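Notes to accompany the following structure.
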Amino acid sequence: MNSHAIHTRNLTRGFGQVRAVDGITLEVPAGIVFGLLGPNGSGKTTFIRLLLGLLAPDAGSAEVFGLDTRRDADAIRERCGVLLEHNGLYERLTAEQNLDLFGRFWRLPAAPRRDRIREVLTQFGLYDRRDDIVAGWSRGMKQKLAIARAMLHRPALLFLDEPTAGLDPLAARALRQDLARLAAAEGITVFLTTHNLVEAEQLCAQLAMIRDGRVLAAGPPASLRGARLSLEDAFVEMMEMPS
Amino acid sequence: MSDTWTVACKEWRELFGQRGMQGRQGMLLFIGAFGLLLPLMNGRAWIASPVMAAAWSWVPMFLVTTVIADAFAGERERHTLETLLATRLSEPAILFGKMGAAIGYAAAMCGASVVLGILVVNVADPGPGLILYRWPVVVTMLVLGSIGAVFVASIGALISLRSPTVRQAQQTLGGVILVLFVLPVAGIRWLPDAWTRHATSSAALGAQIAVGLILLLVLVDAALVWLTLARFRRDGLIARI
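Order-wise, the sequence lines are chains D and B. Letter by letter, the first sequence follows residues 1 to 243 of the numbering used here. Letter by letter, the second sequence follows residues 244 to 484 of the numbering used here.
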């Protein structure tokens with residue numbers, strides 16, 4: 001059993017002249033909630049895409065559960081659930097149809113698929129709205145449904161790209177609580193990106209701070225905070241450091 | 244194979260869902276025109292005329308055109324492409340599921356119109372007995388219709404892969420199809436008269452030329468499908484999102 005869910009070495013990917021991910025070396029232990037903190041455009045989304053094998057690295061390497069992202073991308077995606085920058089829901093379908101579709105993608109047999117759909121919809125308080133067309137839902141409900149979809153096939157690793165972005169404070173707080181509860185209940189590794197420091201501190205056992213595609217610091221929130229008053233102070237200090 | 248089928252079913256569900264009432268009306272209008280109105284207007288000639296084989300060979304291509312542009316450009320526009328690519332589905336399963344859905348849609352629309360047309364003609368214009376399409380006509384419709392549908396589906400998928408919006412994909416596909424079909428038709432007029440006279444001088448030679456052309460088109464289809472599959476790479480698609 002691999003003790004690290006994710007292991008990258010000097011991982012690099014550029015687009016034209018811009019290096020979106022610039023030599024990141026990082027280890028994420030299995031079974032924890034890990035947060036990647038960084039401002040907009042710092043390379044968080046590109047890093048997730050590289051880990052999922054959706055983008056090929058220009059240099060360096062990455063392993064997810066010991067599987068190489070270049071050679072074994074299909075096997076990696078088989079083990080992962082994702083909520084990416086956009087929720088990716090089919091808005092003209094109902095909540096249940098969305099989950100049923102992805103259940104079929106993951107080859108869940110019919111009866112267990114129905115049971116699991118009921119289970120995840122209930123966990124997120126959406127079961128009574130299962131026959132609603134998703135287009136009319138609030139952003140918070142859609143985010144919940146997208147996370148339910150990501151967890152449907154019981155992945156070993158869940159990627160959440162800014163899961164509370166654009167939500168009002170109450171909806172964001174409710175989603176964080178759901179996430180913390182479900183991550184513990186399902187015993188999965190969660191890799192989330194955020195620029196919300198409260199979220200990072202509340203949810204994550206370990207954090208990495210990233211700027212311009214480079215990791216500036218990594219470790220438990222308390223060690224990153226150090227002697228400073230808050231994680232926000234540490235974050236601002238890191239981001240204002242000269243390159 | 245089951246993944247391809249799952250993707251195709253998803254496409255059909257989206258097709259009927261997204262187009263809503265307007266889309267369903269469009270489909271009914273097509274079947275009403277080609278299965279009811281035109282057979283009523285033409286009577287038994289609608290089935291007996293050999294021209295119908297050529298006509299029904301073209302129709303599937305245009306039906307595929309209306310659907311295939313949405314395949315990837317639509318997912319990109321609706322922000323669902325990346326989530327789809329992040330699933331365990333293989334690239335061939337996604338591609339062939341989408342192409343299969345467009346071809347299946349065209350086949351279903353044509354099939355429904357042909358069957359309804361046969362019923363309408365036989366009921367409205369009974370004549371001496373039951374009239375059906377002759378088997379050479381059916382074979383021609385199936386072979387040429389399939390070749391044309393795969394041709395357009397491949398080109399459409401290639402264009403849709405690279406287009407940021409459905410509208411742009413539709414416009415580009417329309418232009419490409421126009422050029423690809425108008426040029427050969429116009430080109431025939433420039434062939435030396437001796438060639439065309441020779442080719443039409445005997446039925447056997449005409450048949451040989453037709454078979455040769457069909458084999459050539461099958462090869463072109465196979466090359467296009469291979470090219471589309473080669474161009475369908477997650478990395479390339481994600482980099483364009």
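Virtual Cβ for every residue (Gly too), placed ideally from N, Cα, C. For clarity, every value in this text was computed on a predicted model and none was experimentally measured.
How big is the Cα-Cα spacing for residue i and residue j?
i: TRP378/B; j: ILE346/B; result: 22 Å
i: ARG483/B; j: GLY66/D; result: 29 Å
i: ARG539/B; j: ALA30/D; result: Outside the shown range of chain B (244 to 484) lies residue 539/B, about which nothing can therefore be said.
i: GLY81/D; j: GLY16/D; result: 29 Å
i: MET241/D; j: ARG405/B; result: 40 Å
i: ILE402/B; j: ILE481/B; result: 16 Å
i: ARG173/D; j: ILE24/D; result: 30 Å
i: MET284/B; j: LYS253/B; result: 37 Å
i: GLY187/D; j: MET244/B; result: 33 Å
i: GLN202/D; j: ARG92/D; result: 35 Å
i: THR122/D; j: GLU318/B; result: 28 Å
i: VAL64/D; j: GLN177/D; result: 26 Å
i: GLY136/D; j: ILE274/B; result: 32 Å
i: ASP100/D; j: TYR90/D; result: 12 Å
i: ILE258/B; j: VAL294/B; result: Checking the sequence shown, residue 258/B turns out to be Leu, not Ile. The straight-line gap from Cα to Cα measures roughly 31 Å.
i: PRO435/B; j: ALA75/D; result: 59 Å
i: VAL250/B; j: VAL310/B; result: 14 Å
i: ALA205/D; j: ARG79/D; result: 21 Å
i: PHE47/D; j: VAL393/B; result: 37 Å
i: GLU320/B; j: ILE290/B; result: 42 Å
i: PHE159/D; j: TRP255/B; result: 29 Å
i: VAL215/D; j: SER3/D; result: 21 Å
i: PRO221/D; j: PHE339/B; result: 47 Å
i: ASP464/B; j: LEU458/B; result: 10 Å
i: GLY354/B; j: ILE147/D; result: 41 Å
Short of 7 Å in beta carbon distance, which residues of its chain neighbour residue i, apart from the five on each side in sequence? Order them along the chain.
i: ASP131/D; result: THR94, GLU96
i: GLY166/D; result: ARG139
i: ARG129/D; result: ALA95
i: ASN196/D; result: THR164
i: VAL461/B; result: ILE390
i: ALA59/D; result: ASN10, THR12
i: LEU328/B; result: ARG477, LEU480, ILE481
Can you pull the chain B residues whose beta carbon is under 8 Å from the beta carbon of residue i, in chain order?
i: LEU51/D; result: Those within 8 Å of LEU51/D in chain B number zero; the least Cβ separation is about 11 Å.
i: HIS86/D; result: HIS322, THR323, GLU325, THR326
i: ASP74/D; result: ARG331, SER333
Mark residue i as exposed unless 16 or more other C-beta atoms lie within 10 angstroms of its C-beta, in which case mark it buried.
i: THR443/B; result: exposed
i: VAL18/D; result: exposed
i: VAL409/B; result: buried
i: HIS441/B; result: exposed
i: GLY213/D; result: buried
i: SER200/B; result: This structure does not reach residue 200/B, given that chain B is present from 244 up to 484, and the question cannot be answered.
i: LEU456/B; result: exposed
i: ARG77/D; result: buried
i: LEU364/B; result: First, the amino acid is wrong: residue 364/B is Val here, not Leu. Under this definition VAL364/B is a buried residue.
i: THR439/B; result: exposed
i: PRO303/B; result: buried
i: LEU373/B; result: exposed
i: PRO112/D; result: exposed
i: GLY226/D; result: exposed
CB-CB under 8 Å to residue i, same chain, minus the five flanking residues each way: which ones, in chain order?
i: GLU85/D; result: THR45, ASP161, GLU162
i: ALA367/B; result: PRO282, LEU283, GLY286
i: GLU237/D; result: ARG228
i: GLY417/B; result: THR308
i: LYS341/B; result: VAL250, ALA251, GLU254, ILE311, ALA314, PHE315, ALA400
Residue i touches chain B at which residues, Cβ-Cβ below 7 Å?
i: CYS78/D; result: A small correction: the amino acid at residue 78/D is Glu; Cys does not occupy that position in the sequence shown. Ordered by position in chain B, the residues that pass the 7 Å Cβ test against GLU78/D are ARG331.
i: TYR90/D; result: GLU257, THR323
Could you name the residues of chain D that residue i contacts, counting a contact when the two beta carbons are closer than 7 Å?
i: ILE481/B; result: ARG49, LEU54, LEU55
i: ARG267/B; result: Within 7 Å Cβ-Cβ: nothing; ARG267/B doesn't reach chain D, min ~13 Å.
i: LEU253/B; result: Residue identity differs from the one stated: residue 253/B is Lys in this sequence, not Leu. Those within 7 Å of LYS253/B in chain D are LEU101.
Could you list which residues in chain B have their beta carbon closer than 9 Å to that of residue i, in chain order?
i: VAL277/D; result: Shown here, chain D extends from 1 to 243; a query on residue 277/D therefore has no answer.
i: PHE191/D; result: What PHE191/D touches in chain B: nothing, since even the nearest Cβ is about 13 Å away.
i: PHE15/D; result: ALA482
Output, in chain order, the set of chain D residues within a Cβ distance shorter than 8 Å of residue i.
i: ASP537/B; result: Because chain B spans 244 through 484 in this model, residue 537/B falls outside it and cannot be assessed.
What residues from chain D crowd round residue i, counting only those whose CB sits closer than 9 Å?
i: THR249/B; result: LEU101, ARG104, PHE105, ARG107
Please return the same chain residues whose Cβ sits closer than 6 Å to the Cβ of residue i, not counting the five positions on each side in sequence.
i: ARG49/D; result: LEU55
i: PHE277/B; result: SER356
Could you tell me whether any Cβ in chain E is nearer than 8 Å to the Cβ of residue i?
i: ARG476/B; result: This model lacks chain E altogether; the protein chains it does include are D and B.
### Task
Answer yes if the stretch 306 to 325 of chain B comes into contact with the stretch 360 to 371 of chain B, meaning at least three C-beta pairs across the two stretches below 8 Å, and no otherwise.
no
### Inter-stretch contact (C-beta, 8 Å, three-pair minimum) for the stretch 378 to 393 of chain B and the stretch 288 to 300 of chain B
yes
### Message
Any contact between the stretch 186 to 199 of chain D and the stretch 24 to 40 of chain D? By contact I mean 3 or more CB pairs, one from each, below 8 Å.
### Response
yes
### the stretch 462 to 479 of chain B touching the stretch 395 to 409 of chain B, judged by at least three CB pairs closer than 8 Å
yes
### Task
Decide if the stretch 102 to 110 of chain D is in contact with the stretch 147 to 155 of chain D; the criterion is three or more beta carbon pairs, one per stretch, under 8 Å apart.
yes
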